[in-house]
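What the sequence shown shows, in the UniProt record's numbering, is residues 1 to 290, in sequence order. We put the CB at the ideal spot given by N, CA and C, even for glycine. Input: a single structure, listed below in structure tokens.
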Amino acid sequence: MKIAFIGLGNMGGPMASNLVAAGHQVVGFDPVAPLPEGVAQATSAAAAAQEGEVVITMLPNGQILRDVAKELIPAMQEGAVLCDCSTVDVDSTKAVAKMAADRGLGALDAPVSGGVGGATNGTLTFMVGGSQAAFDKVKPLFDIMGQKAVHCGDAGAGQSAKICNNMILGVTMIATCEAFALADKLGLDREKMFDVVSTSSGQSWSMNTYCPAPGVGPQTPADNDYKPGFASELMLKDLRLSQQAAESADADTPMGKLAAALYAAFVEAEDGKGRDFSAMLPRFEKRGRT
Ligand code: NAD
């Protein structure tokens, strides 16, 4: 298949490489990032888009997606599908899907979970919104770039799943970190705390797989001086997207709201920027009751 790939940064670069390795022809555009080996260079997003049966975007945020979509949708071939894998706000996703539909083109929102490691190893999970026909067309590409693709519903359903998942992740990480800090003050050994909680009702991915305490449980960014991993500012971005969505859908999300406020303080007023999102644990260790 001929694929156009726009946005070849930390995630897009390795995803495009995997498509090339599987034998697809990929033409790419990124104003900054170097193109991976085997990806043909286009002079603009529109020039890349006119070549692709599927046009994949992997961009930093919703405003950039809207701007790029305005440029590339008019250039796309008849019958082509636009597949946006970025994490963006639900409103931008829906606006871009409408732009594509107005030209008679298919569009998918297909954000991912799994990080740079998953992009490199082809083990991402895709959560996908859009029509069944568009999903069926892109599914073979999801199977190359990832290990699982869930068709969640119509336009916006993929982004909705992503931000709900990451709201749970932010909240459980904070709960896990504050519980470790409380356990310390109560004199409870961290290894014992992990042994109990990871097999009891307090267990979660944050505790069992991504334990924020160094030297406890599996190897995680906590064992590497909290180098990301998944940076706190990316968690803050996702929590803000969940709050924006909650506001526009009139949903009550008090824990998500508090998690967004805590990560905002951590990133913007404390030392969280550039540190893994599990570095909330040393943050709580330093503090008494507030
Ligand atoms: P990145 O900043 O490394 O890559 C984004 C790329 O988009 C950059 O190379 C940039 O030059 C390019 N870009 C910006 N404006 C452009 C334009 N007008 N036309 C073409 N390209 C343009 O970011 P990333 O880590 O690859 O993340 C991409 C998306 O994936 C984000 O939405 C992020 O939230 C999401 N995501 C990231 C991770 C992760 O662990 N990094 C995990 C899951 C989801």
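Under 8 Å, with one C-beta from each stretch per pair, do the stretch 146-165 and the stretch 180-196 reach the 3-pair mark?
No, the stretch 146-165 does not touch the stretch 180-196.
Which residues mark the beginning and the end of the beta strand (DSSP E) in which F126 is found?
F126 -> beta strand (DSSP E) spans 124-129.
Check whether the Cβ of P60 sits closer than 7 Å to any heavy atom of the ligand NAD, and report yes or no.
For the ligand NAD, at least one heavy atom lies less than 7 Å from the Cβ of P60.
Who pairs with K2 in a beta bridge, going by DSSP?
In the DSSP output, where bridge partners are listed per residue, K2 has Q25.
Tell me whether K257, by its Cβ, gets closer than 7 Å to a heavy atom of the ligand NAD.
The answer is no for K257.
Need the endpoints of the alpha helix (DSSP H) that G62 sits in, please.
Residues 62-72.
Using the Cα positions of Q243 and A47, report the straight-line distance between them to the nearest angstrom.
Those two C-alpha atoms are separated by around 36 Å.
Apart from the five residues on each side of it in sequence, which residues of its chain come closer than 8 Å, Cβ to Cβ, to G256?
Cβ within range, chain order: M167, G170, V171, L239, S242, Q243, A246.
Using three-state DSSP, classify L82 as helix, strand or coil.
Strand, per DSSP.
Measure the beta-carbon distance from G215 to D276 and round it to whole angstroms, keeping in mind my assumption that it falls under 8 Å.
No, G215 and D276 are not in contact; Cβ-Cβ is about 15 Å, not under 8 Å.
For the alpha helix (DSSP H) containing G146, list its first residue and its last residue.
Careful: G146 lies outside any alpha helix (DSSP H), inside the beta strand (DSSP E) at 146-153.
Using CA coordinates, which residue listed in L182, E268, P140, M207 is at the minimum distance from G288?
Here the closest residue by C-alpha is L182.
I'd like to check one pair, P111 with residue 312: are the Cβ atoms closer than 8 Å?
Limits of the chain in this structure are 1 at one end and 290 at the other, which puts residue 312 out of reach.
Since I believe M76 is in contact with Q50 (beta carbons under 8 Å), could you give me their beta-carbon distance rounded to a whole number of angstroms?
Right, the Cβ-Cβ distance comes to about 7 Å (below 8 Å), so this counts as a contact.
Relative to the C-alpha of L141, which candidate in E78, P31, L82 has its C-alpha closest?
L141 has its Cα closest to that of L82, out of E78, P31, L82.
Rounded to a whole number of angstroms, what is the C-alpha to C-alpha distance between D143 and G130?
The straight-line gap from Cα to Cα measures roughly 17 Å.
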